[in-house]
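Here UniProt numbering is used: position 74 in the sequence shown is 74, and no number is missing along the way. Yeah, the Cβ is synthetic: ideal placement off N, Cα and C, and Gly gets one too. Below is one structure, written out as structure tokens, with a few remarks after it.
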Amino acid sequence: MRAQLIDAARDLFVTEGYAATSTPMIVTAAGVTRGALYHHFADKTDLFRAVCIREAEAVGQAIEAATQDVPEAVQAIKLGAVAYFDAMSVPGRSRLLLLDLPAVLGHAAAADPDLADGQAQLRDGLAQAFPQAAPGELDAMTDILSAAFDRTALAIAQGGDKDSYITAMLTLLERSIAG
């Protein structure tokens with residue numbers, strides 16, 4: 001029943017937007033009672049958070065699958081970038097994670113471990129690629145690169161040429177990491 005609610009809510013949040021989606025709409029789409037919704041979630045925001053966690057986990061799993069057996073850090077970062085863009089190309093995912101999540105849950109939600117797995121993976125890759133970097137420098141590189149990844153994912157979601165954006169990002173990564 002929890003999964004039904006998350007599935008129905010995801011569909012509605014993507015098609016209608018968070019603000020326009022009501023809990024009665026969600027329970028109707030899920031085919032459950034309002035009591036069932038409140039048994040599993042405190043409120044609509046809690047359900048939205050669960051939707052975003054599931055989406056973020058899917059992105060993290062895609063990155064992990066693409067990079068787990070790659071010993072060379074730069075190659076792992078590049079493969080992880082491609083996996084990120086592929087995972088973020090799932091219809092509605094960029095909107096949910098990059099636009100709606102900070103609007104609904106606040107920018108502090110990005111630090112939530114359940115929602116920040118991709119950023120942690122990126123930081124780990126950068127730490128391997130730049131072993132001499134100080135922790136504060138790694139944090140800054142992670143934030144800057146993450147922002148570039150997110151902007152690229154949004155551009156692709158809004159109809160930008162995926163191949164061109166991925167090629168450009170990989171070129172920037174290679175040139176910046178190579179020094």
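Just reading off the alpha helix (DSSP H) that Ser89 is part of, what are its end residues?
Taken as a continuous stretch (DSSP letters only), Ser89 belongs to no alpha helix (DSSP H), as it is neither H nor E.
Output the boundary residues of the alpha helix (DSSP H) element that contains Glu72.
First-last for Glu72: undefined, no H or E at that position.
Would you call the segment 111–122 and the segment 159–168 in contact, with 3 or more CB pairs under 8 Å?
These segments do not touch.
Status (buried if at least 16 other CB within 10 Å, exposed otherwise) for Met1:
exposed
Going by Cα to Cα distance, which pick from Gln128, Arg175, Arg151, Gly31 is closest to Gln4?
Gly31
For Ala50, collect the residues of the same chain with a Cβ closer than 6 Å to its Cβ; drop the 5 residues on either side in sequence, then sort them by chain order.
Ile6
Indicate the three-state DSSP secondary structure (helix, strand or coil) for Asp143 in the structure shown.
Secondary structure at Asp143: helix, using DSSP grouped into helix, strand and coil.
Sufficient close CB pairs (3 or more, under 8 Å) joining the segment 126–144 to the segment 80–100
no
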